[in-house]
Each structure stands twice: as C-alpha cells, then as structure tokens.
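Engineer:
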C-alpha cells in the first residue's frame, strides 16, 4: 500500500518543513510521523 498518490503533487515550504522537523526531533509528534514524514520519505525515494 502506498502512502502517496502517484500523480499527486505535495508542496512544503522550506520554513514549514524545517520547523516541523525540528519540533518532531525535540518530541515525536504522531501527526507529523503519520501524515508528513511518509510523504517526505516517498518523495526522497523517487529522487
């Protein structure tokens, strides 16, 4: 099962990404882990 849609385009601002990532590093955020991180990892795997 894929966590992303193959034709979808996901847009994250750099500041938004940096903030979310830093906050998740301080204390694991279940929403970030469930909804944001899989998209970032899927895009990185395609690059």
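In UniProt numbering, the protein residues as written are 1 to 47.
Glycine included, every Cβ here is placed at the ideal spot set by N, Cα and C.
Given residue 20, which residues of its chain have a CB within under 7 angstroms of its CB, disregarding the five upstream and five downstream residues?
Structural biologist: Here the set comprises 32, 36.
Engineer: What residue does the alpha helix (DSSP H) around residue 22 start on, and which one ends it?
Structural biologist: Residue 22 -> alpha helix (DSSP H) spans 14-26.
Engineer: For a quick check, are the C-beta atoms of residue 10 and residue 43 less than 8 angstroms apart?
Structural biologist: Going by C-beta atoms, residue 10 is nearer than 8 angstroms to residue 43.
Engineer: My output table needs one value for residue 44: the three-state DSSP class, helix, strand or coil.
Structural biologist: Three-state DSSP puts residue 44 in a helix.
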